[in-house]
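To start, the structure itself, in structure tokens.
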Amino acid sequence: RMLLFLLLLLWFRSILVISVVFCWSPCMVSSFALKRIVTTTTATATRRRMSSNAMIAKLVNASDTSLAECGKRLRNDGGLVSFPTETVYGLGCNALDQDAIPKIFQAKERPHTDPLIVHVLDAKELWDSSNDDCILRLLCKNFWPGPLTLVARAKSHVPELLMAKTGYVACRSPQHDVARSLLQHAGVPIAAPSANKFGHVSPTSAQHVLEDLGTEDVWIVEATTSSSTTSCCNVGVESTVAKYDEQEHSLTVLRQGAVSVKELRDCLSNTRCRVFAKSLATKEHVAN
2 RMLLFLLLLL WFRSILVISV VFCWSPCMVS SFALKRIVTT TTATATRRRM SSNAMIAKLV
62 NASDTSLAEC GKRLRNDGGL VSFPTETVYG LGCNALDQDA IPKIFQAKER PHTDPLIVHV
122 LDAKELWDSS NDDCILRLLC KNFWPGPLTL VARAKSHVPE LLMAKTGYVA CRSPQHDVAR
182 SLLQHAGVPI AAPSANKFGH VSPTSAQHVL EDLGTEDVWI VEATTSSSTT SCCNVGVEST
242 VAKYDEQEHS LTVLRQGAVS VKELRDCLSN TRCRVFAKSL ATKEHVAN
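With the first letter of the sequence shown counted as 1, position 268 gets the number 269 in the numbering used here; the numbers rise by one all the way through.
What follows is the structure in structure tokens.
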């Protein structure tokens, strides 16, 4: 009897083990397969994220040879170059290149409703000759090169995207010698808002630009005290932006900055041009 009991017990145990194996094996296989799929998908997503966040921006020095290469990149290649000014670092492209201008908006994630400031040695190429030259000449004589941006009626060949289809182009002549050397090497006006993502803090060093725009295809000119006689971003705030209306004989300050409203009024005190100031600069007027 004892032997028979043991045989029956072993038989039941075998049946139980076989049942468990047949019932749970598919689940186990599915579980392992699912785990492998999840692991593979996660790894793929991680690789894609790392690839999209790869640093592709390039730091370049401010030697004459390097600036000549940067000028060629702007003039012929439609590329982006970030460079120092006396206010903040700018993100520049050829202002007359229809294909290059959208790259700034893409890199900054900037809406097309915001016009770009153009850096020039002389604005005659961009401003319409019908503007009152006396007022503009007086302002340029007193504040250029320097942190004053003047908005005036544009010539017909100026790209509309640059002006947000307003018909007015914003120009300024930078004081920083690296910026002026780059303009000379480029041989074209350079559209250059501040070199940061739209709405972020304006950069005052090459490292700031690299941190914000490192994943963009941009060359960043790294200015040093030995490469420049002008202090880099010593003003530390954006330029004052003022729009001239030749029909109303008025100058409206759209963004207050390094040049004060009082300085502008003093400069134009002996003319019939009136100076107004908006209390705040909004997105509709000018932005970084």
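Ideal placement from N, C-alpha and C gives every residue a C-beta, glycine not left out.
DSSP places Asn62 in the uninterrupted beta strand (DSSP E) bounded by 59–62. In the DSSP assignment, Arg266 falls within the unbroken alpha helix (DSSP H) covering 262–268. Each of Cys268, Arg273, Lys109 was checked against the Cα of Glu217, and the nearest Cα belongs to Lys109.
Rounded to whole angstroms, the Cβ separation of Leu97 and Pro160 is 7 angstroms, and the two are in contact under 8 angstroms. Contact annotation: Ala193 and Gly79 have beta-carbon atoms that are not nearer than 7 angstroms. Taking a 10 Å sphere around the C-beta of Asp267, we find fewer than 16 other C-beta atoms and assign the residue as exposed. Shown here for Thr86: same chain residues with a beta carbon closer than 6 angstroms to its own, the five before and five after excluded, namely Pro175, His177, Ala180 in chain order. Ser240 is classed as buried because its beta carbon has at least 16 other beta carbons within 10 Å across all chains shown. Cys274 is a Cβ neighbour of Ile136, given a cutoff of 7 angstroms.
Inter-segment contact for the stretch 244–255 and the stretch 148–160 is present: three or more beta-carbon pairs are separated by less than 8 angstroms. From the listed residues Glu126, Lys198, Leu68, the smallest Cα separation to Val189 is found for Glu126. Cα atoms of Leu139 and Thr88: separation of roughly 22 angstroms, rounded to the nearest angstrom.
Less than 7 angstroms divides the Cβ of Ser83 from the Cβ of Val219. Counted as a single uninterrupted DSSP element, the alpha helix (DSSP H) harbouring His209 occupies residues 207–214.
Rounded to whole angstroms, the Cβ separation of Cys71 and Leu183 is 6 angstroms, and the two are in contact under 8 angstroms. In the three-state scheme derived from DSSP, where H, G and I count as helix and E and B as strand, Arg111 is classed as coil.
If you draw a 10 Å sphere on the C-beta of Val202, you find fewer than 16 other C-beta atoms in it, and that means exposed. Listed as beta-bridge partners of Phe277 by DSSP are Thr253.
Residue environment for His113: exposed (fewer than 16 other C-beta atoms within 10 angstroms of its C-beta).
With a cutoff of 7 angstroms on beta-carbon distance, Pro116 and Met164 are scored as near each other.
Per DSSP, the continuous alpha helix (DSSP H) segment holding Val179 begins and ends at 178–187. In this structure, the beta-carbon distance from Val236 to Ala259 falls below 7 angstroms.
By the Cβ-count criterion, His158 is exposed, with fewer than 16 other Cβ atoms from all chains shown falling within 10 Å of its own Cβ.
By the neighbour-count criterion, in which 16 or more other beta carbons inside 10 Å mark a residue as buried, Leu11 falls on the exposed side. Following the DSSP letters along the chain, one finds Ser83 inside the beta strand (DSSP E) bounded by residues 81–84.
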